[in-house]
Ligand code: ACO
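In this note's numbering, the protein residues as written are -19 to 302.
Dropping the structure here:
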């Protein structure tokens, strides 16, 4: 299975760190020095399926494939438009992919790699020939804008790839995992259990927003990147010098710098765009891939590692030949 097209879409509204310091007690100095983030895109009304559909149409155009010929749509998101239907079904309607099987998956920032793995298994088992995989988030509707330690980190956006069955190499290896015992480190409740028979006192509205234990996630992220890269290379004949780029989940520059130091590799090998978009969760890796593709930095045969970590806690790592 290989990637035959990429696309992305981010909202127009760009919010710089200095803009945030006008609405909360923070500063460009604090945000930049602790995270590397300079600005992020924030939805001015568009929902996750809107962003996802726009990224998807670009990916289809890049892949030169008609929406009607797509067999499978998977949207990786933690910020769906609805509980029912899935965002993927809404995207199916918006882009006219009338022949697709469509569903969402929830694996937070690792969601895009989970979706690639699922699509690979659909293709290997001959259930489909191709798939449209989208990571899309409107996290601005889920962050607690009163919690300066989390709201400054996130942004809205969507990225998409089209994959198809291929004898050429493409996705050489992929591995995913989860550590459910750490689920409390990053959470956002969907809704409260309320019905005519429940007499419990109403829960705090703040529980319906994202809460994160920054330090725990930081440690998990550094270990995940280092172990993911070491382990995926162990199974191959390649070593780190053969890898042209590492595309990490774009959460925090310090996480990436720590991982590079632990791995003793040049931080320049990591593709970074978090300064522009902040942490867009499941969208961050496909947005980065599309940016690299459009800039022409990816050459046929390049070996690339994608590595992600996020709520769950979950992780994923993939070795790709472009
Ligand atoms: N502006 C100014 N000051 C702030 C801000 C802010 N935006 N946020 C917190 N502070 C203050 C705190 O109140 C605290 O003040 P105090 O010492 O007076 O109590 C001080 O800054 C230090 O706070 P810490 O939480 O100790 O800061 P830390 O250096 O740990 O950095 C951060 C926090 C950036 C969140 C860090 O822990 C981190 O990057 N963690 C990883 C988080 C992450 O990347 N999550 C996403 C990954 S998972 C996913 O993508 C879904």
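Where is the CB? At the ideal position from N, CA and C, for every residue including glycine.
These numbers were taken from a predicted model, which means no experiment stands behind them.
Checklist entry - With 16 as the cutoff for other CB atoms within 10 Å, does residue 106 come out buried or exposed? => result Here residue 106 refers to the residue found at position 126 of the chain shown. Burial call: exposed.
Next on the checklist: Which residue wins for smallest C-alpha separation from residue 149, given the options 301, 66 and 161?
Outcome noted: Walking along the chain shown from the start, residue 149 turns up at place 169. Minimum Cα distance to residue 149 is reached at 301.
Next on the checklist: Within the continuous alpha helix (DSSP H) that includes residue 131, where are the two ends?
Outcome noted: The residue given as residue 131 occupies position 151 in the chain shown. Its alpha helix (DSSP H) spans residues 128 to 131.
Next on the checklist: Output needed for residue 291: all residues of its chain with C-beta closer than 6 angstroms, excluding positions within five of it in sequence on either side, in chain order.
Outcome noted: Sequence index remark: in the chain shown, residue 291 carries index 311 (1-based). These residues qualify, in order along the chain: 88 and 166.
Checklist entry - Taking 7 angstroms as the line, does the beta carbon of residue 133 fall inside it for any heavy atom of ligand 1? => result Start at 1 with the first residue of the chain shown, and residue 133 comes out as number 153. Taking non-hydrogen atoms of ligand 1 into account, the C-beta of residue 133 is found less than 7 angstroms away from one of them.
Item to check | Where the alpha helix (DSSP H) containing residue 207 begins and where it ends | outcome: Counted from its first residue, the chain shown places residue 207 at position 227. Counted as a single uninterrupted DSSP element, the alpha helix (DSSP H) harbouring residue 207 occupies residues 194 to 214.
Next on the checklist: Please tell me whether residue 212 and residue 297 are closer than 8 angstroms, where the distance is taken between their beta carbons.
Outcome noted: As a first step, residue 212 must be located in the chain shown, where it is residue number 232. As a first step, residue 297 must be located in the chain shown, where it is residue number 317. Yes. Within cutoff.
Next on the checklist: Looking at ligand 1, does it come within less than 7 angstroms of residue 194, judged from the CB to the closest heavy atom?
Outcome noted: In the chain shown, the residue the question calls residue 194 occupies position 214. Yes.
Item to check | Euclidean distance between Cα positions of residue 27 and residue 61 | outcome: Your numbering for residue 27 matches position 47 in the chain shown. Your numbering for residue 61 matches position 81 in the chain shown. Their backbone Cα atoms lie some 6 angstroms apart in a straight line.
Checklist entry - Taking Cβ positions, are residue 54 and residue 104 nearer each other than 8 angstroms? => result Residue numbering aside, residue 54 sits at position 74 when the chain shown is read from its first letter. Residue numbering aside, residue 104 sits at position 124 when the chain shown is read from its first letter. Result no, Cβ atoms of residue 54 and residue 104 do not sit closer than 8 angstroms.
Item to check | Enclosing alpha helix (DSSP H) for residue 286 [first to last residue] | outcome: Along the chain shown, one-based indexing puts residue 286 at 306. Where residue 286 is concerned, there is no enclosing alpha helix (DSSP H), although the beta strand (DSSP E) it sits in stretches over 283 to 290.
Item to check | Length of the line joining the Cα atoms of residue 56 and residue 239 | outcome: Taking the first residue of the chain shown as 1, we reach residue 56 at position 76. Taking the first residue of the chain shown as 1, we reach residue 239 at position 259. The straight-line gap from Cα to Cα measures roughly 25 angstroms.
Next on the checklist: At a cut-off of 7 angstroms, would you count residue 229 as near ligand 1, judging by its Cβ distance to the nearest heavy atom?
Outcome noted: In the chain shown, the residue the question calls residue 229 occupies position 249. At least one heavy atom of ligand 1 is nearer than 7 angstroms to the Cβ of residue 229, so yes.
Checklist entry - DSSP on residue 219, reduced to helix/strand/coil? => result Against the chain shown, residue 219 aligns to sequence position 239. It is coil, neither helix nor strand.
Checklist entry - Does at least one heavy atom of ligand 1 sit under 7 angstroms from the Cβ of residue 201? => result Locating residue 201 in the chain shown gives position 221, where the first residue counts as 1. For ligand 1, at least one heavy atom lies less than 7 angstroms from the Cβ of residue 201.
Item to check | beta-carbon residue 253 near ligand 1 non-hydrogen atom, thresh 7 angstroms | outcome: As a working note, residue 253 is residue 273 in the chain shown. No, the beta carbon of residue 253 sits no closer than 7 angstroms to any heavy atom of ligand 1.
Next on the checklist: Tell me which residues share the same chain as residue 215 and place their Cβ nearer than 7 angstroms to its Cβ, disregarding the 5 neighbours each side in the sequence.
Outcome noted: Here residue 215 corresponds to residue number 235 of the chain shown, with the count starting at 1. Within the same chain, and ignoring the five residues on either side of residue 215 in sequence, the residues whose Cβ sits closer than 7 angstroms to its Cβ are 153.
Checklist entry - Terminal residues of the continuous beta strand (DSSP E) containing residue 298? => result Within the chain shown, the letter at position 318 stands for residue 298. Run containing residue 298: 294 to 301, per the beta strand (DSSP E) assignment.
Checklist entry - Taking all protein chains shown into account, do 16 or more other C-beta atoms lie within 10 angstroms of the C-beta of residue 4, making it buried, or fewer, making it exposed? => result For the purposes of this step, residue 4 is taken as the residue at position 24 of the chain shown. Classification for residue 4: exposed.
Checklist entry - With a Cβ-Cβ cutoff of 8 angstroms, do residue 230 and residue 207 count as a contact? => result Taking the chain shown and counting its residues from 1, the one referred to as residue 230 is at position 250. Taking the chain shown and counting its residues from 1, the one referred to as residue 207 is at position 227. Cβ distance not < 8 angstroms, so residue 230 and residue 207 don't count as in contact.
Item to check | Other residues of its chain near residue 278: CB distance less than 6 angstroms, five sequence neighbours each side excluded | outcome: The count along the chain shown starts at 1 and reaches residue 278 at position 298. Within the same chain, residue 278 has close Cβ partners 272 and 302.
Item to check | Where the beta strand (DSSP E) through residue 268 begins and ends | outcome: Within the chain shown, numbered from 1, the residue matching residue 268 stands at position 288. Segment 264 to 275 is the alpha helix (DSSP H) holding residue 268; no beta strand (DSSP E) there.
Checklist entry - By a C-beta neighbour count over all protein chains shown, 10 Å radius and 16 as the cutoff for buried, is residue 44 buried or exposed? => result For the purposes of this step, residue 44 is taken as residue 64 along the chain shown, with counting starting at 1. Burial call: exposed.
Checklist entry - Beta carbon of residue 32, beta carbon of residue 116: below 8 angstroms? => result Indexing the chain shown from 1 puts residue 32 at position 52. Indexing the chain shown from 1 puts residue 116 at position 136. In this structure, residue 116 lies closer than 8 angstroms to residue 32 by Cβ.
Item to check | Contacts around residue 204, its chain only, beta-carbon distance under 6 angstroms, and the 5 residues preceding and following it disregarded | outcome: Sequence index remark: in the chain shown, residue 204 carries index 224 (1-based). Contacts found: 289 and 295.
Item to check | Closest residue to residue -17 among 143, 9 and 78 (Cα-Cα distance) | outcome: Residue numbering aside, residue -17 sits at position 3 when the chain shown is read from its first letter. With distances taken between Cα atoms, residue -17 lies closest to 143.
Next on the checklist: Quick check on residue 153: does DSSP put it in helix, strand or coil?
Outcome noted: Stepping through the chain shown from its first residue, residue 153 is reached at position 173. It is a strand residue.
Item to check | Cα-Cα separation between residue -7 and residue -1, rounded to whole angstroms | outcome: Taking the chain shown and counting its residues from 1, the one referred to as residue -7 is at position 13. Taking the chain shown and counting its residues from 1, the one referred to as residue -1 is at position 19. Residue -7 and residue -1: Cα-Cα distance of roughly 12 angstroms.
Checklist entry - Hey, would you say the C-beta of residue 11 is under 7 angstroms away from at least one heavy atom of ligand 1? => result Residue mapping note: residue 11 aligns to position 31 of the chain shown, counting from 1. For ligand 1, at least one heavy atom lies less than 7 angstroms from the Cβ of residue 11.
Next on the checklist: Quick check: the Cα distance between residue -14 and residue 193, rounded to an integer number of angstroms?
Outcome noted: If you number the chain shown from 1, residue -14 lands on position 6. If you number the chain shown from 1, residue 193 lands on position 213. Approximately 33 angstroms between the Cα atoms of the pair.
Item to check | Nonlocal neighbours in the same chain, by C-beta distance under 8 angstroms from residue 353, ignoring five residues either side | outcome: In the structure displayed, the chain extends from -19 to 302; residue 353 sits before or after that span and is not available.
Next on the checklist: Does residue 86 come out as helix, strand or coil in the three-state DSSP assignment?
Outcome noted: Taking the first residue of the chain shown as position 1, residue 86 is located at position 106. Residue 86 falls in the coil class under three-state DSSP.
Checklist entry - Does the beta-carbon of residue 46 have 16 or more other beta-carbons within 10 angstroms, so that it is buried, or is it exposed? => result Here residue 46 refers to the residue found at position 66 of the chain shown. Its Cβ having fewer than 16 others within 10 Å, residue 46 is exposed.
Next on the checklist: Measuring alpha carbon to alpha carbon, tell me which residue in 118, 20, 182 and 251 is nearest residue 67.
Outcome noted: Here residue 67 is taken as the residue at index 87 of the chain shown, counted from 1. Closest by alpha carbon: 118.
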